[in-house]
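Here is the structure we will look at.
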DNA sequence: CGGGACGTTGAACCAAATCAAAACAGGTGG
DNA sequence: CCACCTGTTTTGATTTGGTTCAACGTCCCG
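Protein chains in written order, with the UniProt record's numbering: chain D, 1 to 234; chain U, 1 to 234.
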């Protein structure tokens, strides 16, 4: 869909970025490592549902989310879909040990990302231990989240899954007690390994037990964090 | 249980390893990066069900499996257990971005591991880009496996889960078509997010459809890899 | 040969899925 | 401003895959 967007990257800016890193890689020590993406990244924006990268395509870029929300997905032959993670502002994704992406990534909302060529990032990391350490750290944190999610999918009930989800989202994007979910019910269902109906019913149930209140389907207020924590086994 | 074993590590050998890495870290360039664990690691062995590390304890060591099989587990308050991964000979585990382990690890069978102090490994990695790259690679591969497992737990049926499991184990430890499972049914169930009964029934079903044959409960022969691949959605 | 751990099988049950329909929320255009 | 359309969410009725509960086999190992 937004393939043209992705492909145009190459023609537009990348070659100069490669030259840049080659010429400055040893001068990078003074640079703040957190800002490497900001300095080397090409800003790209994706409309809602735009495809940022596709499973089993060459993993040419690493991405950092500037704004918006991104989902990583895997799809089975018959269309069943699983969302592995949501990435929000500040999150880095697309780091692959092999040559190809191992999942697809799509914009949940309109999203702005910074794209850095994999080769550029690796070249930089080989010169700058702090940056290498940052990349490892990002990967290891993703792994921890994945392990938590494995526990959720393998052993938690629908009620526990939804409670965990709401608490996770509250931590990541709450402004004083209320949160605006960027994704629709189908995305939540595919993240939690449930159906939309079960997600909807469970939300309603949490509202009826005064754990949350649903301003609109996307806007949730935490009524009782302790209630959510209680229902969320841990 | 084997806490004494783990704790004795410190007294026994670690301090000398720290000195060693300090004195030789810059001389390490000629060393084969794959062998760093063999050179720096302290061999430790664990009996069946021995605890190698525990969730939320300080992540003091990184481990490499020499022989045997290890499971990583997370447990909910009420005892529900999820196995995140199995580690076999050659696998590295225990790499944590934070200061504490994020899961427990136990020996499924009698297991020999090499333990390297986290601080030692990180010190080495900061001097040796190849070793840093190796550690990142290990982490990123674990992440990919975790993502595949998330898909399995979120969206696959019991039959598909068991088929996927058998194919995975066949890839990792098959000798000409037959494989000897190191773990019991409860471990398989906790890995696949099922119950022992369902795992057992599903194995029986796969045998009755001539996809596998069960020599004993632990010894499986792949009768029809294509049959398994067919049942295993992907 | 007897006991305990592990594995299989059977029957009843239940949490979540599926199937179906109604309610809701934005847009768009008259 | 309202009527209409389309995509999304909620609610209801029914079904089902997998769990639970219960019993029986099997395999070691002393």
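We put the CB at the ideal spot given by N, CA and C, even for glycine.
Spatial distance of residue i from residue j (CA atoms)
i, j, result
"residue 106 of chain U", "residue 177 of chain U", "28 angstroms"
"residue 212 of chain D", "residue 165 of chain D", "12 angstroms"
"residue 197 of chain D", "residue 128 of chain U", "52 angstroms"
"residue 41 of chain D", "residue 174 of chain D", "28 angstroms"
"residue 70 of chain D", "residue 190 of chain D", "14 angstroms"
"residue 138 of chain U", "residue 81 of chain D", "27 angstroms"
"residue 133 of chain D", "residue 35 of chain D", "14 angstroms"
"residue 170 of chain D", "residue 223 of chain D", "12 angstroms"
"residue 147 of chain U", "residue 161 of chain U", "14 angstroms"
"residue 253 of chain D", "residue 228 of chain D", "Summary: the structure shown does not reach residue 253 of chain D, with chain D confined to residues 1 through 234, and so no result is reported for it."
"residue 89 of chain U", "residue 203 of chain U", "26 angstroms"
"residue 49 of chain U", "residue 32 of chain D", "46 angstroms"
"residue 233 of chain D", "residue 60 of chain U", "28 angstroms"
"residue 51 of chain D", "residue 231 of chain D", "36 angstroms"
"residue 125 of chain U", "residue 186 of chain D", "43 angstroms"
"residue 218 of chain U", "residue 200 of chain U", "11 angstroms"
"residue 167 of chain D", "residue 226 of chain D", "10 angstroms"
"residue 99 of chain U", "residue 58 of chain U", "6 angstroms"
"residue 136 of chain D", "residue 122 of chain D", "11 angstroms"
"residue 8 of chain U", "residue 75 of chain D", "Bear in mind that a pLDDT of 38 at residue 8 of chain U, under 50, signals an unreliable position, so the model cannot answer this."
"residue 87 of chain D", "residue 184 of chain D", "15 angstroms"
"residue 216 of chain U", "residue 159 of chain D", "39 angstroms"
8 angstroms Cβ cut-off: residues of chain U touching residue i
i, result
"residue 151 of chain D", "74, 76, 82, 84"
"residue 193 of chain D", "153, 154, 155"
"residue 135 of chain D", "136"
"residue 158 of chain D", "Result: empty, since nearest Cβ-Cβ is about 13 angstroms, beyond 8 angstroms."
Residue i vs residue j beta-carbon contact at 8 angstroms
i, j, result
"residue 110 of chain U", "residue 180 of chain U", "no"
"residue 54 of chain D", "residue 104 of chain D", "yes"
"residue 108 of chain D", "residue 62 of chain D", "no"
"residue 43 of chain U", "residue 112 of chain U", "yes"
"residue 235 of chain U", "residue 101 of chain U", "Residue 235 of chain U lies beyond the stretch modelled for chain U, which goes from 1 to 234, so this question has no answer here."
"residue 143 of chain D", "residue 205 of chain U", "no"
"residue 150 of chain U", "residue 149 of chain D", "yes"
"residue 37 of chain U", "residue 152 of chain U", "no"
"residue 79 of chain U", "residue 155 of chain D", "no"
Simplified DSSP assignment, three categories, for residue i
i, result
"residue 44 of chain D", "strand"
"residue 101 of chain D", "coil"
"residue 56 of chain U", "coil"
"residue 230 of chain U", "helix"
"residue 108 of chain D", "coil"
"residue 21 of chain U", "Only weak support exists for where residue 21 of chain U lies, its pLDDT of 44 falling under 50; the value from the coordinates is given anyway. Here residue 21 of chain U sits in helix by DSSP."
"residue 29 of chain D", "Residue placement at residue 29 of chain D cannot be trusted, given a pLDDT of 47 that sits under 50; what the coordinates show is reported in the next sentence. Helix."
Contacts of residue i in chain D (Cβ-Cβ under 7 angstroms)
i, result
"residue 146 of chain U", "143, 146, 147, 150"
"residue 103 of chain U", "147"
"residue 262 of chain U", "This structure cannot settle anything about residue 262 of chain U, because the visible part of chain U is limited to 1 through 234."
Check: residue i C-beta below 7 angstroms from any heavy atom of the ligand GTP
i, result
"residue 129 of chain U", "The model depicted lacks the ligand GTP and carries no ligand whatsoever."
Contacts that residue i makes with chain U (C-beta to C-beta distance below 9 angstroms)
i, result
"residue 97 of chain D", "136, 137, 138, 139, 140, 141, 143, 144"
Contact list for residue i against chain D, beta-carbon separation under 8 angstroms
i, result
"residue 307 of chain U", "Here chain U has residues from 1 to 234 only, and residue 307 of chain U is not among them."
In the region 70-98 of chain U, which residue ranges form an unbroken beta strand (DSSP E) of at least 3 residues, counting only runs that do not cross its ends? Those beta strand (DSSP E) runs which fall completely within the region 70-98 of chain U and span 3+ residues are 70-75, 81-87.
Runs of alpha helix (DSSP H) lying entirely within the UniProt domain "HTH crp-type" (156-226) of chain U, each at least 4 residues, in chain order: For the UniProt domain "HTH crp-type" (156-226) of chain U, whole alpha helix (DSSP H) runs of length 4 or above, ordered along the chain, are 158-173, 185-192, 196-208.
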